[in-house]
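Before any comments, here is the structure.
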Amino acid sequence: MSVAEKYIGAKTPSKPETIYMLRLADNTLILGQRLSEMCGHAPEMELDIALTNISLDLIGQAKLLFEHILTLEDLAPNADVLAMTRPLEQYTNCLFVAQPNVDFAHIMLKQYLFSTMQKLQYEALLESRDETLAAIAEKSLKEIAYHIRFAKTWLLRLGDGTEESRTRMADALDCLWRFTGEMFVRDAGLADAVNAGLSTDFTQHYDGWTLEVESVFTEAGGLTPPETARMIMGGHQGQHDDNLGHILADMQFMQRSYPGLKW
Amino acid sequence: MVDKEHLLDLMAEIMDPEIPVINIVELGIVRGIENGSPPSIVITPTYVGCPATDMISEMIREKLDTAGYDNVGIKNQLSPAWATDWITESAHEKLRIYGIDPPGAHTPTCPRCGSANTKLISEFGSTPCKALHACKDCLEPFDRFKCH
Numbered sequence: 000m001s002v003a004e005k006y007i008g009a010k011t012p013s014k015p016e017t018i019y020m021l022r023l024a025d026n027t028l029i030l031g032q033r034l035s036e037m038c039g040h041a042p043e044m045e046l047d048i049a050l051t052n053i054s055l056d057l058i059g060q061a062k063l064l065f066e067h068i069l070t071l072e073d074l075a076p077n078a079d080v081l082a083m084t085r086p087l088e089q090y091t092n093c094l095f096v097a098q099p100n101v102d103f104a105h106i107m108l109k110q111y112l113f114s115t116m117q118k119l120q121y122e123a124l125l126e127s128r129d130e131t132l133a134a135i136a137e138k139s140l141k142e143i144a145y146h147i148r149f150a151k152t153w154l155l156r157l158g159d160g161t162e163e164s165r166t167r168m169a170d171a172l173d174c175l176w177r178f179t180g181e182m183f184v185r186d187a188g189l190a191d192a193v194n195a196g197l198s199t200d201f202t203q204h205y206d207g208w209t210l211e212v213e214s215v216f217t218e219a220g221g222l223t224p225p226e227t228a229r230m231i232m233g234g235h236q237g238q239h240d241d242n243l244g245h246i247l248a249d250m251q252f253m254q255r256s257y258p259g260l261k262w
Numbered sequence: 000m001v002d003k004e005h006l007l008d009l010m011a012e013i014m015d016p017e018i019p020v021i022n023i024v025e026l027g028i029v030r031g032i033e034n035g036s037p038p039s040i041v042i043t044p045t046y047v048g049c050p051a052t053d054m055i056s057e058m059i060r061e062k063l064d065t066a067g068y069d070n071v072g073i074k075n076q077l078s079p080a081w082a083t084d085w086i087t088e089s090a091h092e093k094l095r096i097y098g099i100d101p102p103g104a105h106t107p108t109c110p111r112c113g114s115a116n117t118k119l120i121s122e123f124g125s126t127p128c129k130a131l132h133a134c135k136d137c138l139e140p141f142d143r144f145k146c147h
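Protein chains in written order, with numbering that gives the first Met the number 0: chain D, 0 to 262; chain B, 0 to 147.
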C-alpha cells in the first residue's frame, strides 16, 4: 500500500447509524471550518474571539462524532483521515453550512439558523439507542444554547440597527433562506436513522422552527424571508456547489501534497 | 492493589493549564476512579473543543507513569455532561482570589473591588469557559466563569 493510499480517502459508510452520524459530523466540521476563516478578521477583538470559540465548539463536536463513527465501522485509519481527506462527493453536509461568509450579517444569520435547527436535531438524539451519541448530543446542547443566544443578539442588533446593517441582514436572508429547507428534509438517511432507533424525527418541528425564526425576523426590523419557489438541496447526497470545493482545497492541500504529514 | 485514595491525591496535584490555581479534581474534570484491574481515571471534558482537554489527558498520563501507575488507564465520559455545578465550593474562592468571578446565580461581581456594578463586554472570553466583563467602579476588566 502506498503512503497516499494509506492516508488519503475513506470508505463510504454502509450502516444507517454511521451514514447519519457522518452527516451530523460533516455539518459541524464544515461550518466550524467556515467560521475559522474569520480568525483574525472579525470587526473587533471580542467578536474575533467569539467566532473562533464557536468554531472550536463545532469542530470539537465533529471530532467526537468522527471518533465514534470509527468505533462502529472501519472507514479510515483515524478520525483525521476520515474528517479531512475524502473526495468532495463523499461529504454529506447540507449545502447551507458551506455557504460563504460574505459579511458579518451573513455569518450571524447563518449561525442563528443553523444553531436553532441543530438544537432540534440534537434534542432528537437524547433518547437514542446509541448511548454515546446521546451523550455527545447532551454535551453539545449546552454549547448550542450559547451559540443561539449570541447569534440571535446580533441578528436583532443588525436587523433593527442602521439602514446599512439592516440592508446587509436583509441581503443575507435573501441569499441564505433557499438553503434552509435541506436542513429539515426527511430523506432516506434520516428515515433509516429513525427506524434504527438512533434519532427521533426532528423534522416534525420544521413548522414550529419556521414560526420561531420568522418571529425573530419580525423583531429584527421587520425582515421577511424571500418567496422561495423551491429549496436548493443535494449536499446529503454528495451533490455540492462550488463552495465546499474551495473549503476542501484549503483543508486538504497539505495532506494531498504530503500524505501522512504530521504537524 | 492500587490505592484509589492515592490516585485521587495524585490527580489533585494536577493544575488546570489555563487556570493554574485550581486542580482538575476541584474543576470537576476528574469524575472518579473506575474499579477494575487495573482501575481507570474517569475524566470529562468541560467544552468539547477545548484544546486543554488533550493537554490534561497528557498531564494525567505523565503523572500516572511517573508514580509507577503505567497500567492505570484514562477513560473519557461525556454523560452526565460537565456543568459549572461540578466545580467545588473551595475552588470558587480560589478563582475569586485569582481574579475570575466564579460561576453561580449571583450578580456578576468584580473579583478585584467586590462591586456588583459591572457590564458584560463579551459572552466569549480568553478561553471557552469564560466570559469577559468590566467593573464600572474600579474600571478593570475581569473574566467570569460561564454558567453552564
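The C-beta atom is built at its ideal place from N, Cα and C for all residues, glycine as well. Just so you know, these numbers come straight off a predicted model, no measurement behind them.
Proximal residues to residue i (C-beta, below 6 Å), its chain only, five neighbours per side dropped
{"i": "E142 of chain D", "result": "D56"}
{"i": "G31 of chain B", "result": "V41"}
{"i": "L140 of chain D", "result": "Y121"}
{"i": "C38 of chain D", "result": "T51"}
{"i": "A144 of chain D", "result": "none"}
Length of the line joining the Cα atoms of residue i and residue j
{"i": "G113 of chain B", "j": "L30 of chain D", "result": "40 Å"}
{"i": "M116 of chain D", "j": "L21 of chain D", "result": "17 Å"}
{"i": "K10 of chain D", "j": "W262 of chain D", "result": "24 Å"}
{"i": "R60 of chain B", "j": "M54 of chain B", "result": "10 Å"}
{"i": "E139 of chain B", "j": "S121 of chain B", "result": "14 Å"}
{"i": "R111 of chain B", "j": "A80 of chain B", "result": "31 Å"}
{"i": "R148 of chain D", "j": "D69 of chain B", "result": "44 Å"}
{"i": "T227 of chain D", "j": "E126 of chain D", "result": "34 Å"}
{"i": "I13 of chain B", "j": "N22 of chain B", "result": "5 Å"}
{"i": "I296 of chain D", "j": "L131 of chain B", "result": "Residue 296 of chain D is absent from the model: chain D starts at 0 and stops at 262."}
{"i": "S125 of chain B", "j": "E43 of chain D", "result": "14 Å"}
{"i": "D241 of chain D", "j": "V96 of chain D", "result": "13 Å"}
{"i": "Q251 of chain D", "j": "K3 of chain B", "result": "45 Å"}
{"i": "N75 of chain B", "j": "T45 of chain B", "result": "12 Å"}
{"i": "T108 of chain B", "j": "L155 of chain D", "result": "28 Å"}
{"i": "E218 of chain D", "j": "T179 of chain D", "result": "20 Å"}
{"i": "V24 of chain B", "j": "A134 of chain D", "result": "21 Å"}
{"i": "L119 of chain D", "j": "A150 of chain D", "result": "16 Å"}
{"i": "A190 of chain D", "j": "S214 of chain D", "result": "29 Å"}
{"i": "D100 of chain B", "j": "M232 of chain D", "result": "46 Å"}
{"i": "V212 of chain D", "j": "D249 of chain D", "result": "33 Å"}
{"i": "I18 of chain B", "j": "I96 of chain B", "result": "12 Å"}
Any non-hydrogen atom of the ligand SAH within 6 Å of residue i CB
{"i": "R165 of chain D", "result": "This structure does not include the ligand SAH; it has no bound ligands of any sort."}
CB of residue i within 7 Å of CB of residue j, strictly
{"i": "G234 of chain D", "j": "N92 of chain D", "result": "yes"}
{"i": "K145 of chain B", "j": "A133 of chain B", "result": "no"}
{"i": "V41 of chain B", "j": "M10 of chain B", "result": "no"}
{"i": "V47 of chain B", "j": "L63 of chain D", "result": "yes"}
{"i": "M94 of chain D", "j": "E181 of chain D", "result": "The sequence given here has Leu at residue 94 of chain D, not Met. Yes. Within cutoff."}
{"i": "V244 of chain D", "j": "L74 of chain D", "result": "Checking the sequence shown, residue 244 of chain D turns out to be Gly, not Val. For G244 of chain D and L74 of chain D, no; Cβs fall outside 7 Å."}
{"i": "T202 of chain D", "j": "F183 of chain D", "result": "yes"}
{"i": "L124 of chain D", "j": "L112 of chain D", "result": "no"}
{"i": "A61 of chain D", "j": "T27 of chain D", "result": "yes"}
{"i": "P102 of chain B", "j": "C49 of chain B", "result": "no"}
{"i": "M107 of chain D", "j": "W176 of chain D", "result": "no"}
{"i": "G196 of chain D", "j": "R128 of chain D", "result": "yes"}
Selection from the options that minimises the alpha carbon distance to residue i
{"i": "I7 of chain D", "options": "D:A150, D:R255, D:N242", "result": "D:R255"}
{"i": "L172 of chain D", "options": "D:Q110, D:H204, D:A187", "result": "D:Q110"}
{"i": "C174 of chain D", "options": "D:G196, D:L74, D:Q98", "result": "D:Q98"}
{"i": "N116 of chain B", "options": "B:I99, B:P16, B:D136, B:P102", "result": "B:D136"}
{"i": "D159 of chain D", "options": "D:A144, D:T223, D:S1, D:W208", "result": "D:T223"}
{"i": "Q238 of chain D", "options": "D:Q89, D:E43, D:A3", "result": "D:Q89"}
{"i": "A51 of chain B", "options": "D:A169, D:G59, D:H67", "result": "D:G59"}
{"i": "H67 of chain D", "options": "B:K93, B:R95, B:L77", "result": "B:L77"}
{"i": "L157 of chain D", "options": "D:S1, D:D102, D:V2", "result": "D:D102"}
{"i": "L94 of chain B", "options": "B:D64, B:K129, B:L7", "result": "B:K129"}
{"i": "Q32 of chain D", "options": "D:Y257, D:I246, D:L260", "result": "D:I246"}
{"i": "A104 of chain D", "options": "D:S164, D:P76, D:L46", "result": "D:S164"}
{"i": "L6 of chain B", "options": "B:E88, B:A82, B:D64, B:I96", "result": "B:D64"}
{"i": "F123 of chain B", "options": "D:A195, D:D47, D:D170, D:A169", "result": "D:D47"}
{"i": "V20 of chain B", "options": "B:E92, B:A104, B:T106", "result": "B:E92"}
{"i": "M168 of chain D", "options": "D:L210, D:T209, D:P225", "result": "D:P225"}
Same chain, Cβ closer than 7 Å to residue i, five either side skipped, listed in chain order
{"i": "F65 of chain D", "result": "A24, A78, L81, A82"}
{"i": "L71 of chain D", "result": "K14, E16, T17"}
{"i": "L26 of chain B", "result": "D15, I86, A90"}
{"i": "E137 of chain D", "result": "L125"}
{"i": "D186 of chain D", "result": "H235"}
{"i": "G220 of chain D", "result": "G158, D159, R165"}
{"i": "D84 of chain B", "result": "none"}
Spatial neighbours of residue i in its chain, beta-carbon cut-off 8 Å, leaving aside the 5 residues before and after
{"i": "A192 of chain D", "result": "P15, E16, I18, Y19, S198"}
{"i": "G148 of chain B", "result": "Lying before the first or after the last residue shown, residue 148 of chain B is absent from chain B, which here runs from 0 to 147."}
{"i": "P37 of chain B", "result": "V1, Y68, N70, V71, G72"}
{"i": "G259 of chain D", "result": "V2, K5, Y6"}
{"i": "G207 of chain D", "result": "none"}
Those runs of the alpha helix (DSSP H) which lie wholly inside the segment 103-165 of chain D and span at least 4 residues: 103-122, 130-158
Restricting to runs no shorter than 3 residues, where is the beta strand (DSSP E) found entirely within the segment 33-81 of chain B? 39-42, 72-75
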